[in-house]
Every structure is written in C-alpha cells, then in structure tokens.
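Asks:
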Amino acid sequence: MVVENLFIVRHGETVANEDEVDAGPIDYPLVKKGLKDVSFIAEELSGCKISAVYCSPVFRAVETAKIVAHPHELKPQTLEELTEARLKPKFIGKAGRHHLLTTPYAFVETYNQVQRRMLKAVSIVKKEGDGNVIVVSHGDPIVSLLNHVVGRKISSRKRGYYSLHPDAASLSIVNLKGRPTLVLFNYRRKLLHDYRSSPA
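Just so you know, the sequence shown maps onto residues 202 to 401 in this note's numbering.
#1: If you measure between the beta carbons of Val-375 and Asn-206, is that distance less than 9 Å?
#2: Tell me which same chain residues have a C-beta within less than 6 Å of the C-beta of Leu-263, skipping the five on either side of it?
#3: Whose C-alpha, out of Gly-235, Leu-346, Glu-310 and Ala-224, is nearest the C-alpha of Gly-213?
#4: Determine the DSSP secondary structure at Ile-227, reduced to helix, strand or coil.
#5: For Asn-333, which beta-bridge partners are listed by DSSP?
#6: Between which two residues does the beta strand (DSSP E) carrying Val-384 extend?
#7: What residue does the alpha helix (DSSP H) around Leu-392 start on, and which one ends it?
#8: Out of Arg-397, Leu-288, Pro-272 and Phe-260, state which residue places its alpha-carbon closest to the alpha-carbon of Leu-246.
#9: Using a Cβ-Cβ cut-off of 7 Å (strictly less than) and excluding sequence neighbours within five positions of Pro-367, which residues of its own chain qualify?
#10: Once the 5 residues before and after Asp-220 are set aside, which same chain residues still bring their CB inside 8 Å of it?
#11: Anyone know if the C-beta pair for Gln-314 and His-349 falls short of 9 Å?
#12: What do you get for Ser-371, buried or exposed, if any count of 16 or more other CB atoms within 10 angstroms of its CB means buried?
#13: According to DSSP, is Leu-365 helix, strand or coil?
#14: Taking only runs of the alpha helix (DSSP H) that begin and end inside the region 294–338, which ones reach a length of at least 4 residues, in chain order?
#15: So, for Gly-330: in the same chain, excluding its five sequence neighbours on each side, which residues have a beta-carbon less than 6 Å away from its beta-carbon?
#16: Could you name the residues of the same chain whose beta carbon sits closer than 8 Å to that of Leu-385, not counting the 5 residues immediately before and after it, in chain order?
#17: Rounded to whole angstroms, what is the Cα-Cα separation between Arg-389 and Lys-289?
#18: Going by alpha carbons, who is nearest to Tyr-229 out of Ile-209, Phe-260 and Ile-293?
#19: Work out the CA separation of Lys-321 and Leu-283 for me, nearest whole Å.
#20: Name the one or two DSSP bridge partners that Ile-374 has.
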C-alpha cells in the first residue's frame with residue numbers, strides 16, 4: 202500500500218468564521234454557504250478513487266469529512282494530530298480572530314509543534330492508506346503542512362506571514378511520489394467567478 206496523493210480539504214464555513222470568532226474546539230456546525238461549498242468539493246472529488254478519509258475530531262471538520270466521504274461510501278477516521286491549532290482558553294469563543302503566525306501568544310502550541318503533529322498525521326496516513334487519501338483539517342495546521350512541502354521556513358524570532366493560507370472549503374493536493382510536491386492550492390467553488398467579477 203502506497204499513498205500517492207493527499208487531497209487536503211479545509212473545513213467549510215461556520216458562524217464563527219462569519220462572525221470572526223475564535224472557534225477553537227467549540228462545535229460550530231457548517232452554515233448554508235459552508236455546506237454548499239463543501240458539497241462542491243465532494244462533487245469534484247467524486248470521480249477520483251479514494252481509499253480513505255481522515256479528519257480532525259473537531260465537529261466542523263467531521264461534518265466536512267462526512268460530506269466529502271459520502272460519494273466514496275467511506276467513513277471518516279478521526280486523527281487528533283489534524284486538530285486545530287490549540288488556543289489558550291481565554292481566547293476560545295471570543296470575537297477577534299487569532300492566527301498562529303501573526304499572533305502566536307494566543308496559542309498553547311508553537312508553529313513548529315503544530316507542523317510536527319501534522320507531519321505525524323501524514324506519516325500515519327501513509328502507513329494506513331493507499332492511492333488517494335482525503336485529509337480534512339483547519340487553516341493553521343494546513344498552512345504548516347504546505348509550508349513544509351514547499352520548503353518555506355518560518356523564523357521563531359519574528360512574526361510570520363501567510364502566503365499559503367487556504368480558504369474555507371478549499372482543496373489543495375500534495376503528490377507524495379518522490380519528493381512531496383504541491384500540485385494544487387486553494388481550489389474552491391466560485392474561484393474563477395471571483396476573478397471574472399473583479400475590476401480590471
């Protein structure tokens with residue numbers, strides 16, 4: 202068994218995303234737009250042969266994983282390593298979004314710790330899966346994994362910035378044959394529509 206491609210999906214949009222609230226581990230369900238956006242990704246992946254679906258145990262990721270797993274008649278498997286970057290308790294459920302690279306003081310984990318556990322998740326998936334595998338996670342953990350794939354180093358001595366931050370309900374693909382390669386980033390519903398409707 203050899204995993205060749207990781208189809209990495211960020212969970213769909215929730216009320217917390219809309220209201221700029223730090224959701225952390227709180228069980229926010231997907232909103233109507235989130236469900237529609239995730240269903241689009243599920244349809245796009247329905248023609249691919251998928252051997253397994255893994256997800257964060259946080260509700261919004263599990264709900265997303267069930268939708269993308271449905272066309273393949275698979276049951277998502279939860280991995281704690283795929284969970285959201287762990288916030289300090291005083292920030293959970295509060296307005297004012299924090300991100301691991303720009304406001305590291307709000308988290309009980311460092312960027313490097315999150316990246317290490319994401320790499321551990323990939324190692325687990327590679328041992329258990331085969332062919333194409335879907336992985337559903339959250340913004341900051343996905344950022345840490347994709348930065349590793351493209352070889353972008355983050356300095357702990359100064360604040361980082363986001364050049365590879367996926368939108369909600371977006372798909373990125375990493376090919377694992379040989380050296381891992383990012384072959385698709387941030388594919389989502391209405392992607393081209395956004396560019397067509399932007400002013401020239």
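The beta carbon of each residue, even a glycine, is placed where N, CA and C say it ideally should be.
Replies: Quick answer:
#1: Result yes, Cβ atoms of Val-375 and Asn-206 sit closer than 9 Å.
#2: One point to set straight first is that residue 263 is Val, not Leu, in the sequence displayed. Cys-256, listed in sequence order.
#3: Gly-235
#4: Here Ile-227 sits in coil by DSSP.
#5: Answer is Asn-206 and Ile-251.
#6: 382–388
#7: Looking at the DSSP string, the run of the alpha helix (DSSP H) that includes Leu-392 is 392–397.
#8: Pro-272
#9: Arg-211, Gly-340, Ile-343, Ser-373 and Asn-387
#10: Ala-296
#11: Result no, Cβ atoms of Gln-314 and His-349 do not sit closer than 9 Å.
#12: buried
#13: For Leu-365, the secondary structure class from DSSP, reduced to helix, strand or coil, is coil.
#14: Runs found: 312–329.
#15: Val-204, Ser-252 and Ala-253
#16: Here the set comprises Leu-372, Ser-373 and Ile-374.
#17: Taking the straight line from one Cα to the other gives about 31 Å.
#18: Closest by alpha carbon: Phe-260.
#19: 9 Å
#20: Phe-208 and Leu-385
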